[in-house]
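Protein chains in written order, with the working numbering: chain A, 1 to 216; chain B, 1 to 216.
The C-beta atom is built at its ideal place from N, Cα and C for all residues, glycine as well.
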Ligand SMILES: Nc1ncnc2c1ncn2[C@@H]1O[C@H](COP(=O)(O)OP(=O)(O)OP(=O)(O)O)[C@@H](O)[C@H]1O
Ligand SMILES: Nc1ncnc2c1ncn2[C@@H]1O[C@H](COP(=O)(O)OP(=O)(O)OP(=O)(O)O)[C@@H](O)[C@H]1O
């Protein structure tokens with residue numbers, strides 16, 4: 001497994017490093033602030049204080065052995081950009097950058113960033129979807145219009161068996177699991193009866209799952 | 001459906017409003033900066049310029065009719081806190097707040113915030129999990145240790161049928177769908193043969209799914 005380097009130990013960068021280390025990935029943490037580097041030196045596999053816009057300093061740290069390198073600098077637009085350019089100059093295969101705004105994202109893409117993340121923007125979207133679809137409890141996209149979704153069982157289905165509920169016939173949705181009282185029933189039989197408080201795990205069109213979730 | 005109010009039209013707040021409106025929810029957008037209120041007035045159902053730390057101004061805007069109210073103020077610690085306190089004073093049932101740091105989150109909880117979101121921190125965690133588990137493509141938690149996960153089919157299973165793969169016997173995982181070439185095969189039969197490039201949708205223990213994903 002190749003190692004990951006993270007430039008910028010702010011809120012995003014530090015949380016990224018911590019999660020990677022917790023999941024067994026070895027991480028090089030970089031920041032120009034020696035105080036931050038010192039503070040995280042016991043939590044991150046390896047840390048070094050340097051100015052990431054300096055190509056020579058990056059080469060000396062052996063940055064080209066890391067893949068991907070994540071640039072977790074947001075507010076400082078110039079440092080974010082110059083760092084992305086320097087990393088591409090030393091031939092790092094994959095550079096992932098955080099951006100503060102959509103314009104920042106577009107410029108990073110133009111100078112070679114392989115992927116750009118907008119943490120604030122993405123968090124707003126995720127909360128919006130959750131609040132807009134109250135019965136909707138989770139989703140994994142499978143292909144263009146099909147997904148696995150978890151929804152609260154609508155009241156009108158409580159007391160019916162899966163067969164009687166006609167969820168497959170009416171919505172084209174397959175129930176692949178039921179979550180009840182802290183336990184999951186995988187691949188339930190068609191004579192399983194839906195109870196109040198059940199969550200249904202469905203495979204089918206996302207739009208149809210949302211419809212089922214918002215049914216009374 | 002109750003309406004949602006969002007205080008603070010920064011990156012997070014604006015993106016939240018946009019997503020809610022796109023999903024058919026009516027939204028009241030609030031900011032003390034009249035320029036921002038003007039800029040978003042054509043995108044958000046209703047907007048008003050006021051200082052959200054002023055309880056009287058909130059009452060005049062009829063804030064208690066909205067549920068939840070989201071406080072999307074991050075950098076300005078005092079405004080975030082005073083707004084949360086004012087909203088609880090006018091008896092808004094659910095107040096969701098954004099926080100900039102863990103300390104900020106803890107203080108918001110103490111003054112009554114029902115839920116606190118740390119966008120930077122959560123984005124770092126999400127990216128960390130994704131980079132640490134390259135074969136892991138998505139997850140919905142079902143209960144304490146069981147989840148629905150999507151993983152890249154390991155090379156050692158390519159060419160075997162689901163029955164021959166013994167994924168259920170060896171890992172306790174049920175394959176509930178296969179994603180192949182932009183199409184999903186829901187509830188595949190046990191004689192379905194796994195092909196190169198397939199993604200498997202599994203139900204079972206998350207730790208076992210991760211093990212399967214990182215198998216060669
Ligand atoms: N040229 C540079 N070289 C190395 N580190 C840098 C450089 N410029 C900025 N940093 C570091 O990157 C970190 C994050 O930068 P910045 O404050 O610009 O982003 P941020 O978006 O506010 O971060 P976050 O929101 O994740 O806390 C800081 O710790 C800063 O010291
Ligand atoms: N007392 C207040 N009343 C109403 N709006 C306020 C108040 N204080 C701050 N705001 C608004 O909240 C918005 C976001 O605030 P702030 O800049 O503190 O957070 P932020 O974390 O930087 O936002 P983001 O990261 O989402 O862009 C700003 O548009 C600001 O005008």
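| query | result |
| --- | --- |
| Separation of residue 48/B from residue 31/B, as counted between CA atoms | 7 Å |
| Residue closest to residue 174/A, alpha-carbon to alpha-carbon, out of 202/A, 155/A, 196/A, 211/A | 202/A |
| Near ligand 2: residue 73/A beta-carbon under 8 Å from a heavy atom | no |
| Start-end ranges of the beta strand (DSSP E) lying completely within the segment 56 to 80 of chain B, minimum 3 residues | 66 to 71 |
| Whole-angstrom distance between residue 98/B and residue 90/B, CA atom to CA atom | 20 Å |
| Where residue 198/A falls, given that 16 or more other Cβ within 10 Å makes a residue buried | buried |
| Segment contact flag, the segment 74 to 82 of chain B with the segment 56 to 64 of chain B, C-beta cutoff 8 Å, min 3 pairs | no |
| Closest Cα partner of residue 54/A within the set 122/A, 138/A, 87/A, 162/A | 87/A |
| Residue 64/A CB to nearest heavy atom of ligand 1 below 8 Å | no |
| Backbone CA spacing between residue 161/B and residue 150/A [nearest angstrom] | 28 Å |
| Members of the segment 132 to 154 of chain B that neighbour chain A once the beta carbon cut-off is set at 9 Å | 132, 133, 134, 137, 138, 139, 140, 141, 142, 143, 144, 146, 147, 148, 149, 150 |
| Delimiting residues of the beta strand (DSSP E) encompassing residue 46/B | 46 to 49 |
| Within 9 Å, strictly: CB atoms of residue 135/A and residue 154/A | yes |
| Sequence-distant residues of its chain with Cβ nearer than 7 Å to residue 8/A (five each side left out) | 31, 71, 72, 73 |
| Through-space distance from residue 50/A to residue 119/A, alpha-carbon basis | 25 Å |
| Own chain, CB closer than 6 Å to residue 206/B, minus 5 neighbours either side, in chain order | 147 |
| DSSP-derived helix/strand/coil call for residue 161/B | strand |
| Length of the line joining the Cα atoms of residue 184/A and residue 177/A | 7 Å |
| Euclidean distance between Cα positions of residue 208/A and residue 142/A | 15 Å |
| First and last residue of the uninterrupted beta strand (DSSP E) at residue 6/B | 3 to 7 |
| Residue 107/B (DSSP reduced to helix, strand or coil) | helix |
| Endpoints, beta strand (DSSP E) assigned at residue 28/B | 27 to 31 |
| Amino acids of chain B, ordered along the chain, whose beta-carbon sits closer than 8 Å to that of residue 67/A | The premise fails here: residue 67/A is roughly 10 Å from chain B at the closest Cβ pair, so nothing lies under 8 Å. |
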